[in-house]
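Read the structure below first, then the notes.
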Amino acid sequence: MARPALMLLAALLGVTATVTPALAQYRIGMSAAITGPASSTYAPTYEAYKVYFKRVNDAGGINGQKVEIIYEDDRGEPQRAAANAKKLAEGSILMVNASTSATYKPFMTESETEKLPLLFGGGVCPREAFPPASPLIFCSTSFGSKWDSRFALGFIKEQAAGKKVKVGFAAQDIPLSRIELEFAEQLAKEMGLEPIPVVVVPGNTPDFTPFAQKLKDAGADWVLSWALWHVEVGVFEALHRIGWQGSYLLYGHQQTQDELSRLKAGNLYAFGGNTLFMENLPIHAEIANLVKGQTTHPAHYMAEGWVSAMVLEAGLKKCGWPCPKDKLATALASVSVDTRGLRGGPIEWTPDNHYRKSTYYKVYRWDPSKSVTAPVGGWTRLEIK
Amino acid sequence: MTQVLATTVVVASLYALLAAGYVLVYRATRVLNLAQGDMMTLGGYFLFLVAAAVPGQPALSVATAAALSALAGFVIYRLLMRPMAGHPIFAAVLVTITLGILLRAAIVLVYTDRIRHPLPLLGLANPPRRLPGGAVVSTFDLLTVAVAATLFVGLFAFLRLSPLGIQMRAAGEKPLLAAQRGINFQLLFALSWALAGFAGALAGILYANNVRLDPSLGVLGLKAFAVALVGGLDSLGGVIPGALIVAAVEVLSVRYGDPLLADVSPFLCLLAMLLVRPWGLFGTREELERV
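Line order of the protein sequences matches chains A and B. Reading the first sequence from the start, the letters are residues 1 to 385 in this note's numbering. Reading the second sequence from the start, the letters are residues 1001 to 1291 in this note's numbering.
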């Protein structure tokens, strides 16, 4: 407990922490929402990076060189992110952003100015990572705007099995969530579903009931939510409380595994790009062993950051040594990373596609008959064009 | 409509519990305790701490968490606020802001930012309850209303009937006269902070079981601050209509207007009140001048 607590204390006090071997060679800058309101989503990525690259360095580094990572806390705030971007750009060969979308702009500006590759690993992928990709912007995060809605609505349609269903949307009062679900509302219409106008929920509402009531009164058979976890699940719990009998599909953030078991609701579906650790794959056991005593979050919160770190390691390996920033950007643009089951397939980037050639989704829910959380079918692959 | 009414009463009860803390401290010490929201969060985490240590003991956990919160209020007064005596009120308010930041940081340090749910540790459930008229609320919604009602009845009785309560009122209303009568101000001030901690903890305990527990809950304290000002910062009785007005505007704006207004509606109520009656519904003009 003492060590993670000290790491967190350092972060809280705004102190820069480094995984730092004396002869560090590959220099990476990372800005993450380690504290602040959105930290429950992003801090685990920071922790996964620390553990992952400690192991890499302990094993001799990459291409014989150690990896030095400078960490900065931006609290998900654009002003702090702007300062971090300036600071991290100096001397780094790549910047990593694991924070809210509000912090993206200063990082992208700095990346463009300094011609520095920028990897989004933990926050939603910006459109610059999708085809036709910007040469400097990369994204390893499992969730991606528009593609998530495409999958989610396809899943709802499949579950409806030909029946005309009314779909409600619960967004959070942040631009990304609203834009995504407004897109989903349009898409639902095109797909022959019956959409109900998006209900936008303030993140710090004391009671989700009025929002849930609005969805219930509109006659929603299904509700799709794509927001921060507490909003997604807050609306579901309020709907459940007021006796709504429909089905609820939400994006499964790191909390999914714990929360499906807590809620034990057969009508709650969570979709996402990461395998839940309850599937007990060898990689899950490996991560659990490595993070023991090293992180403040449990092992099953690490998947997002772990995949991102795997991709970065692959890029650095491919870049060789010396590895200037332009060479690293070129190397990253052709990586292919076996995620060892953490995702449904590899992460493959091309010069034109820095999101991935194919993205994979899986749905989980609590199975009341067996009293366990279980997948609903296998992986669904979507080709990214 | 009955659902709107039920939700309004539930939200108002939560706000009233929190706002009571603002009023108690202000009446006694003239300090705006801007850490009240974080004291609510602290109460929720005390519950989590105790429930994790002795699972399945709800009565013990709640009583201990509430007592620890009251003690925390007392300690805050002794360590932070008492040394501020004689300094401008403005400085004391800044201390409460700093206190809020420190409490948040300490909670993150110990418990991280993960969302917690103490309810399973207490071995309790929170089933929905159907009310006459068809509205549905959770069991903890009903408890929130009941606890708020009980707290206010208790506080009114304490302030009107008990010698200590009468001294508290005297110290708040006529401090010079009270001092000349030999009233122990330090004890009364400490008691007001302890009561504020206790009221905040009740809000935190109920909310943590009903919705969630995380370090950012303190933001609800800002809405309750608007409630206290609408009702009148020196009026405990004003808290109840203040809370009902703010909650009604918030719930109605979600139901019949733009849901986004829910977040700003407490402050719109506050702004309207400041324009029409700056000392609040039941506050006194004299208190405004002191502010």
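A virtual CB, placed ideally from N, CA and C, is assigned to each residue, including glycine.
Check	Outcome
Boundaries (first-last residue) of the alpha helix (DSSP H) holding F183 (chain A)	175-190
Extent of the continuous alpha helix (DSSP H) to which D338 (chain A) belongs	Per DSSP, D338 (chain A) belongs to no alpha helix (DSSP H) and is neither H nor E.
L1024 (chain B) at chain A interface by Cβ criterion, 7 Å	no
T373 (chain A), DSSP secondary structure in three states	strand
Residues that DSSP places opposite E158 (chain A) in a beta bridge	Answer by DSSP bridge pairing: none, since E158 (chain A) is not bridged.
Within-7 Å CB hit, Q1167 (chain B) to chain A	no
Three-state secondary structure (DSSP) of T275 (chain A)	coil
Identified DSSP bridge partners for V201 (chain A)	A:Q172
Residues that T380 (chain A) bridges to, as DSSP identifies them	A:Y361
E68 (chain A) - containing beta strand (DSSP E), residue span	66-73
Minimum length 3: unbroken beta strand (DSSP E) runs contained in the stretch 54-115 of chain A	66-73, 94-98
Cβ distance (whole Å) where G168 (chain A) is taken to contact L228 (chain A) below 8 Å	At roughly 18 Å, the Cβ-Cβ gap does not stay under 8 Å, so G168 (chain A) and L228 (chain A) are not in contact.
Exposure of Y1256 (chain B), with buried meaning 16 or more beta-carbon neighbours within 10 Å	exposed
G1037 (chain B) and G1204 (chain B) closer than 7 Å at C-beta	no
Whether V1108 (chain B) touches T35 (chain A) by CB criterion (7 Å)	yes
CB contact flag (T1112 (chain B), T296 (chain A), <7 Å)	yes
Proximity of S1061 (chain B) and A1148 (chain B) at Cβ, strictly below 7 Å	no
Inter-residue Cα distance where the pair is Y1026 (chain B) and L263 (chain A)	41 Å
Any 3 or more C-beta pairs closer than 8 Å across the stretch 1071-1082 of chain B and the stretch 1133-1144 of chain B	no
Cβ separation of P351 (chain A) and A374 (chain A), assumed to be a contact under 8 Å, to the nearest whole Å	Contact doesn't hold; Cβ gap of about 40 Å is too wide.
Proximal residues to P78 (chain A) (C-beta, below 6 Å), its chain only, five neighbours per side dropped	A102, T103
Near the ligand FMN: G1200 (chain B) beta-carbon under 6 Å from a heavy atom	In terms of ligand content, the structure shown is empty, and the ligand FMN therefore cannot be addressed.
Endpoints, alpha helix (DSSP H) assigned at I1097 (chain B)	1089-1111
Whether L1121 (chain B) touches A1052 (chain B) by CB criterion (7 Å)	yes
Through-space distance from V311 (chain A) to A22 (chain A), alpha-carbon basis	Residue placement at A22 (chain A) is flagged as unreliable, the pLDDT there being 44, under the threshold of 50; the coordinate-derived value follows with that caveat. Approximately 24 Å between the Cα atoms of the pair.
Where F447 (chain A) falls: helix, strand or coil (DSSP)	Nothing about residue 447 (chain A) can be read from this structure; chain A reaches only from 1 to 385.
Residue-level contact to chain A via CB, P1128 (chain B), 7 Å cutoff	yes
Cβ shell of A188 (chain A) (< 7 Å), same chain only, five flanking positions each side left out	L153, V167, P195
N-terminal and C-terminal residue of the beta strand (DSSP E) that Y248 (chain A) is part of	247-251
Buried or exposed (CB count within 10 angstroms, at least 16 for buried), L1271 (chain B)	exposed
For C323 (chain A), the three-state DSSP class (helix, strand or coil)	coil
CB contact check: V1145 (chain B) to chain A, cutoff 7 Å	no
Contacts of D1038 (chain B) in chain A (Cβ-Cβ under 8 Å)	The premise fails here: D1038 (chain B) is roughly 14 Å from chain A at the closest Cβ pair, so nothing lies under 8 Å.
Partner residues on chain E for G243 (chain A), Cβ-Cβ distance less than 7 Å	This model lacks chain E altogether, as its protein chains are A and B.
Distance CB(G121 (chain A))-CB(V96 (chain A)) smaller than 7 Å	yes
Beta-carbon proximity of V1276 (chain B) to S1265 (chain B), cut-off 7 Å	no
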